[in-house]
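Numbering (our numbering), first residue to last: 50 to 235.
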């Protein structure tokens, strides 16, 4: 179904409708939603997928997706869940996470997913250490330093990494390029 003209037009129309509503979603998410909705309509009505397209309405789908996105944002704000704070720009752990990308690309043979997974896990752990020093659910899980963020930063700083260079986009890009990779957007 995804290779059909109808599908591609439906995705483009829905993304345009979402843009008019001021909502940005990943095209892959919109594609998955359309695929699921059209397939479900065909199945429930007992018709072929190509016949189910007559029931597709990009504006209505965009309304539903926009309402879901806004509802999620409101529920997150009401429950105290929000955007994690950015660490200070001179944070040594953040520098090490950034510095690990070229090495992860080289070690994985250019597998961007593996490199991203490595960064995500390290960032997640760094955020936990920084943001939840008093996490009762993690008692004893970090060894003798416990949840002491200051101690963690001292330990990393003692390793004496060249912290400041990794906050320069050009330095980072050169490191990725010197590992034999480039990242371009299609």
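Think of the CB as a built atom: it goes at the ideal place given N, C-alpha and C, for glycine as much as any other residue.
(message) Once DSSP output is grouped into helix, strand and coil, what is the label at residue 106?
(response) coil
Note to self: For residue 43, report the span of its alpha helix (DSSP H) as first-last.
What the structure shows: Only positions 50 to 235 of the chain appear in this structure, which leaves residue 43 out of reach.
Handout entry: Burial state of residue 68 (16 or more Cβ within 10 Å)
Key = exposed
If you follow the alpha helix (DSSP H) that residue 98 is part of, which residue opens it and which one closes it?
98 to 101
Put residue 147 into one of helix, strand or coil per three-state DSSP. helix
Quiz item: Who are the Cβ neighbours of residue 104 in its own chain at under 6 Å, not counting the five residues just before and after it?
Solution: 90
Fill in: Endpoints, alpha helix (DSSP H) assigned at residue 222
Its alpha helix (DSSP H) spans residues 218 to 227.
Checklist entry - Between residue 97 and residue 86, what straight-line distance do the alpha-carbon atoms span, to the nearest angstrom? => result 13 Å
Original post:
Can you tell me the Cα-Cα spacing of residue 157 and residue 224, whole angstroms?
Top reply: 15 Å
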